[in-house]
Structure formats: C-alpha cells, structure tokens
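Under the working numbering, residues 12 to 207 are what the sequence shown spells out, in order. Positions of the beta carbon are idealized from the N, C-alpha and C atoms, including for glycine. As the structure is a computational prediction, the values presented were derived from the model and not from experiment. Everything below concerns the one structure shown next.
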Amino acid sequence: MRAILINKSNVKKISKFFNGDREKMNITEKFIEYFGDNIVFVKYYEDSDIDLKVKTYKNDYKYIKIIISSNNVFNIMLLDLKSRRIGRSNLYSIIRSSADLSRETRSEISRFLDVIIGRKNLIWLLYDSNTGYTFPVNNYIIKDIIMDQIYSLNRSSTLQPEHNIEVPVSYITSYWKNYLKRNNKRSIDVWHQMIF
12 MRAILINKSN VKKISKFFNG DREKMNITEK FIEYFGDNIV FVKYYEDSDI
62 DLKVKTYKND YKYIKIIISS NNVFNIMLLD LKSRRIGRSN LYSIIRSSAD
112 LSRETRSEIS RFLDVIIGRK NLIWLLYDSN TGYTFPVNNY IIKDIIMDQI
162 YSLNRSSTLQ PEHNIEVPVS YITSYWKNYL KRNNKRSIDV WHQMIF
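Shown next, in the form of structure tokens:
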C-alpha cells in the first residue's frame, strides 16, 4: 500500500499520481476544487481498502472509497454470506429460510456488513462513468442499498452463498433523487455534511 500526498499546491501535477486512472483523478480534482479552502491535504492510496484520506482544518480525517461504474453497474462488494456463522447455521441459510428478511436477520446482515466495511465513517463516492456524476454516500446508505439488493435477490431466489453485490446505476440515481427530495437537500449539501 503506497500513499501519495496531494497538496493544493500540486493539484496541477495531479495526473502523474494516478497512472492513467482518469476517473479517480477527476474525482480527486473535483474534491479538492470543492473543498480546497477547508482541507489540509488529500492522500491517494494504491492497493488499499480506501482510495483517499482527507485531513480537514478541524484536524479531522475522512476516509473515502471510490467505486466507478462499469457497463451501467456499480460493483459494490463481494459478500461471502456462508462464512458468517450464527449458532449452528450461517447467514446465507438464515436469509434463504424466509422470503422476507426478519428484523433479527436484518440486524445480522448489518453486523456482518460492519465487519466487512471495517471503517465506521467511510465515505463512498459512486462515480457514474457515463455521465461523470458522483454520488457521495455514507455507510448507512450503502448498507441500506445492499440490504435492499439482498432482499430482492432472496425474493427472486437468485442470491448465492458468495454473492457479488452489483447495483445498477439507474437504481442509485433513483435512490439518490428520492434521498435528496426526502431530506430537502441539494447534492452539495450532502457533500459538505459528509466532509465537515
């Protein structure tokens, strides 16, 4: 894991840090452009569970994971549901035993996702490679989206013991619009709320 420090002064040289990864470069440039006056530095990580680490002037650190869509789908994460032991059973068997997810099952899935995600205050930037739009979401939203995917996959009997959670861009776009409307917010408000 190699960390590269990107200060505001070397934003113009940013392309040399990203080895041709144009999307991640664009997201980082946009991030620094939005919040340049409020951040001390941004670190870009290669081969890590996070892509960016941001230090704000409040001496607060934010960890950011970037997911770029491919073929109109966000590949969120691989879930090995059978590996999560619950008593004498496993999470996959418990999910499959009922068409609906009970409150207890949802709690078990949530705890499992907490372990996989690892970082409590992780910010996820979902970048639509077709439109260039970035959806900033937190762990709570990601877990909500994954829970909905597991529910749908289970209802259609297509959930596998080891399942790659792939979410269509159209689903995220719809979710995002509803989220902003429900909370009476603009996209930039959500960015600021997550960073500061």
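The distance from the Cβ of Leu136 to that of Thr145 is about 5 Å, consistent with a contact at the 8 Å cut-off.
Annotation for Asp91: the continuous beta strand (DSSP E) segment containing it runs 84 to 91. Per DSSP, reduced to three states, the secondary structure at Arg96 is strand.
Annotated three-state conformation of Asn101 is strand, per DSSP. DSSP places Tyr68 in no alpha helix (DSSP H); its state is neither H nor E. Distance from the CA atom of Leu92 to the CA atom of Thr184, rounded to whole angstroms, is 27 Å.
Here DSSP, grouped into helix, strand and coil, assigns Asn165 to helix. Judged by DSSP secondary structure, Tyr138 falls within the beta strand (DSSP E) whose first and last residues are 133 to 138.
Looking at the DSSP output, Phe52 shares a beta bridge with Lys66. With a 10 Å radius around the Cβ and a threshold of 16 neighbouring Cβ atoms, Phe52 comes out exposed. Glu40 and Thr142 have their C-alpha atoms roughly 16 Å apart.
Take Phe123, set aside five residues on each side of it, and the residues of its chain with a beta-carbon closer than 7 Å to its own are Arg95, Leu102, in chain order. In the three-state reduction of the DSSP assignment, Lys76 falls in the strand class, which pools E and B.
Shown here, Thr116 sits in a helix according to DSSP, grouped into three states. Boundaries of the beta strand (DSSP E) harbouring Thr145: 145 to 149, taken from the DSSP string.
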